[in-house]
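Working notes, beginning with the structure itself.
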Amino acid sequence: MFGFGKKEKKDKKRTEPELDAELKAFAADYEPEELDILAVTGPVGFGGVKRGSFWQASIGLTAWMEEDSPDIHQEEIPLFTLADNSLLDFLRQRTPPDFIIKFQGRREKNGKSMLLLNLPEPGFDPDLKAILEAQKQSVTLEVDGLGLFTLNRRVRWFEAEIDWCGASVQLDFDQGEPEEMAKAQEVARTLLADAENWDRRVREYAAGELTSLANDWAEGEEELTPEDFMARMELSAIQVEPDGEFEFWFEDGEMFYGHSIHVMGNLTDGPDWAQMEG
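By the count of the numbering used here, the sequence shown reaches residue 302 at its end, each step adding exactly one.
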């Protein structure tokens, strides 16, 4: 079905017949008609989620058209296939983000995704090119009291550098409906209005939860006090949500050999969860 083995005979894997069988079963939810497609990829390249012995590989499409039709479908849908390690690596190299590709595919019966049937190739259409150029344009949002935010398309959030207790940190909130973003912005304003108090509360909570763990990692070094722990935390980013929740991300000051310190909470209850991550 996929044809990858035909193009790479010298490296042909014994797993290919099994992959072909898995792919045929996976394709059961898709229409039988095979279409020649031109499509615009989104800001993120191919990724994979483990599915048994193989990867369920996918990339987002933002617009597509049948090669012999003038009709353009400007919608965000995923393009799926199953892949072994070699094929997934190949797809990542062959199909970059923000690109026009040509491939054979089948539409899902509910129309919410598409199945990749062959190796994608570079493609071109002037109307798709215009869509691609528009989607790559920088999107900014001026927020009263917070500053100028820029959309990070890869993670779909708006981000800006703000002053927090005399230090520059990143503030971000998810892209969404205007009223939801406005609620998240209000959470940020509430935190900033009492930044020194919130900074102290978040650090104290993290120190209470993680100082003992940091000392376990210290391997014979002088034992840290909670005050030492708080002083070595370096705030790098704050994330805010419409429902009043927040996340603070700190660099660890080498207490965990470069891992991050992650603290979560909400405006009503304050910080209520802390963990070393990454």
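The C-beta atom is built at its ideal place from N, Cα and C for all residues, glycine as well.
Helix, strand or coil at residue i according to DSSP, with G and I counted as helix
i	result
lysine 153	helix
glutamine 161	coil
glutamate 8	No statement about residue 8 is possible, as the shown extent of the chain runs from 25 to 302 and does not include it.
phenylalanine 104	strand
glutamate 183	strand
glutamine 98	coil
proline 41	helix
aspartate 35	In this prediction, aspartate 35 has a pLDDT of 41, which is less than 50 and means its spatial position is unreliable; what the coordinates show is noted afterwards. Of the three classes helix, strand and coil, the one that applies to aspartate 35 here is helix, per DSSP.
leucine 22	Given a span of 25 to 302 for the chain in the structure shown, any question on residue 22 remains unanswerable.
phenylalanine 114	helix
phenylalanine 173	strand
glutamate 46	helix
Beta bridge counterpart(s) of residue i as assigned by DSSP
i	result
leucine 259	Phe274
arginine 131	Met138
glycine 289	Phe270 and Pro295
alanine 191	Trp188
methionine 300	Ile285
Close-in-space but distant-in-sequence residues of the same chain around residue i (CB under 7 Å, 5 per side omitted)
i	result
leucine 291	Val211, Thr214 and Gly268
phenylalanine 148	Ile124
methionine 205	Phe197
glycine 277	Arg256, Met257 and Glu258
threonine 119	Thr65, Gly69, Phe70, Ile83, Ile125 and Pro144
phenylalanine 272	Val226, Leu259, Ile262 and Val287
serine 162	Thr174
proline 67	Pro121, Asp122, Arg177 and Arg178
aspartate 53	Glu132 and Lys133
phenylalanine 50	Leu106
tryptophan 181	Asp196, Phe197, Asp198 and Gln199
lysine 136	Ile101
leucine 43	Phe78, Leu106 and Asp108
aspartate 151	Ile96
lysine 160	Asp122
Sequence-distant residues of the same chain with beta carbon closer than 6 Å to residue i, five excluded per side
i	result
glutamate 275	Glu258 and Ser260
phenylalanine 114	none
tryptophan 79	Gly72, Ala107 and Leu112
leucine 219	Note that residue 219 corresponds to alanine in the displayed sequence, not to leucine. Trp188 and Cys189.
glutamate 233	Ala298
alanine 63	Leu85, Trp88 and Ile125
Own chain residues within Cβ distance below 8 Å of residue i, not counting five before or after
i	result
histidine 283	Asp276, Met300, Glu301 and Gly302
phenylalanine 270	Val211, Leu215, Ile262, Gln263, Val264, Met288, Gly289, Asn290 and Leu291
tyrosine 229	Val287, Gly289, Gly294, Pro295, Asp296 and Ala298
glutamate 185	Gly171, Ser192, Val193, Gln194 and Leu195
Near the ligand PLP: residue i beta-carbon under 7 Å from a heavy atom
i	result
aspartate 95	Here there are no bound small molecules, and the ligand PLP is not part of this structure.
Segments of 4+ residues assigned as alpha helix (DSSP H) that fall wholly inside the stretch 194 to 257: 202 to 217, 219 to 241 and 250 to 256
If you scan the stretch 52 to 96 from start to end, which runs of the beta strand (DSSP E) of 3 or more residues do you find wholly inside it? 59 to 65, 71 to 75 and 78 to 90
Within 8 Å, do at least three Cβ pairs link the stretch 230 to 243 to the stretch 198 to 212? Taking a cut-off of 8 Å for Cβ pairs, the stretch 198 to 212 and the stretch 230 to 243 do not touch, as fewer than three such pairs fall below it.
At least three beta-carbon pairs within less than 8 Å, the stretch 248 to 255 to the stretch 164 to 172: no
How about the stretch 69 to 79 and the stretch 88 to 98: do they share at least three Cβ pairs that are nearer than 8 Å? no
With a cut-off of 8 Å, do at least 3 Cβ pairs link the stretch 51 to 64 to the stretch 124 to 135? Flag = yes, the stretch 51 to 64 and the stretch 124 to 135 touch.
Inter-stretch contact (C-beta, 8 Å, three-pair minimum) for the stretch 145 to 162 and the stretch 193 to 201: Of all C-beta pairs linking the stretch 145 to 162 to the stretch 193 to 201, fewer than three are shorter than 8 Å, placing the two stretches out of contact.
For the stretch 81 to 91 and the stretch 100 to 119, state whether three or more C-beta atom pairs, one from each stretch, are separated by less than 8 Å. yes
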